[in-house]
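In this note's numbering, each residue's number is its place in the sequence shown (first place is 1) plus 219.
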Amino acid sequence: MEKIIRIAVQKSGRLSDDSLSLIKECGIKFYNGTGKLKSTSTNFPIEFLFLRDDDIPGYVADGVADLGIVGQNEVVEKDKNVTTMKALGFSKCRLSLAVAKGQAYEGVQFFEGKSIATSYPKILGDYLKSQNINAEIHEISGSVEIAPSIGLAEGICDIVSSGSTLMMNGLKEVEEIFKSEAVLIAHNELPDWKREIAERLLFRINAVQAGKSSKYVLLNAPNESIEKITSLIPGMRSPTILPLAQEGWSSVHSVLNEDTFWENIEELRAAGAEGILVVPIEKMIL
220 MEKIIRIAVQ
230 KSGRLSDDSL
240 SLIKECGIKF
250 YNGTGKLKST
260 STNFPIEFLF
270 LRDDDIPGYV
280 ADGVADLGIV
290 GQNEVVEKDK
300 NVTTMKALGF
310 SKCRLSLAVA
320 KGQAYEGVQF
330 FEGKSIATSY
340 PKILGDYLKS
350 QNINAEIHEI
360 SGSVEIAPSI
370 GLAEGICDIV
380 SSGSTLMMNG
390 LKEVEEIFKS
400 EAVLIAHNEL
410 PDWKREIAER
420 LLFRINAVQA
430 GKSSKYVLLN
440 APNESIEKIT
450 SLIPGMRSPT
460 ILPLAQEGWS
470 SVHSVLNEDT
480 FWENIEELRA
490 AGAEGILVVP
500 IEKMIL
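Right under this line is the structure:
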């Protein structure tokens, strides 16, 4: 029987879509039809469990799943004994305090002696303690935004992405207390053979994400400008330089980071680069 590991993934929602998209970009094939709760890859030793996001840290801690992709907020809130292998950089959001739009607010002391509704009592409690605020926490599992309008609480603490849901419910964001993104977590005591498969998966994830954050650049430059240009685009080890048919010119091939892309392009043009081609990188093995 083939040895496989299990990975828990949110069964629906944006985090699920982003997680499954990443896994497919890693070349891992599987079927996840509507309502399917388990699936085994046809070309990689891994089985998928499709679960509620707040259940994933517990499944991984208990060893039912070996790995999990889940929001960092759920990992911290559930406070289970798991290892975070990698921050994945997608499904970013924040956990924030909010009050009624017309409410005067001058600082976190507003919440002293008041009540706050939330689905994240641990994260909220830790934050209030750090700010020396004594407030009553109402733990509710959903529809947190309605709490102020029905008199349940003076404020809420909830996940915010764009803030549009708060606005639609007559609320305004007043304090950001926690930043979250998707993370890859693992059971703390994986046997060596499972850890080896997990590392193979992580290798693929790193290659996909490195490619997304970089661009492949090809350009032509007069030879007298090569030294300046290669100092601007040092590449993964060093740029590739090839002579052109036109004497005194060369073609330079290198890699640029997405974050500094436009600044680098402007500097390259100023240094004499011409015919600059920029190509997406699907995967990059470092």
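Ideal placement from N, C-alpha and C gives every residue a C-beta, glycine not left out.
Predicted, not measured: the structure shown is a model, and the values here were computed from it.
(request) Note down the Cα distance separating A490 from S380, rounded to an integer number of angstroms. (result) 41 Å
(message) For E400, tell me which candidate among R313, H357, S362 and N407 has the shortest Cα-Cα distance.
(response) R313
(request) Measure the C-alpha to C-alpha separation of E293 and N439 and round it to an integer number of angstroms. (result) 50 Å
(request) Assuming A417 contacts I504 (C-beta within less than 8 Å), just tell me the rounded distance between them. (result) Actually they do not touch by this definition, with Cβ atoms about 18 Å apart.
(request) Label E501 either buried or exposed according to how many other C-beta atoms from any shown protein chain fall within 10 Å of its C-beta, with 16 as the threshold for buried. (result) Result: exposed.
(message) With a threshold of 7 Å on Cβ separation, who are the neighbours of V393 within its own chain once the five nearest residues in sequence on each side are excluded?
(response) L316, A317, V318 and Y324
(request) Within its chain, find whatever has a CB closer than 6 Å to the CB of V436; leave out the 5 residues flanking it on each side and keep chain order. (result) S473, L475 and V497
(request) Note down the Cα distance separating Q229 from A492, rounded to an integer number of angstroms. (result) 47 Å
(request) Examine the Cβ distances between the stretch 261 to 272 and the stretch 360 to 375 and report whether three or more of them are shorter than 8 Å. (result) no
(message) Check this for me: beta carbons of K305 and L421, under 8 Å apart or not?
(response) yes
(request) Rounded to whole angstroms, what's the CA-CA distance from S383 to I288? Just pull it up for me. (result) 26 Å
(request) State the beta-bridge partners of D377 as determined by DSSP. (result) According to DSSP, which records beta bridges pairwise, D377 is partnered with S315.
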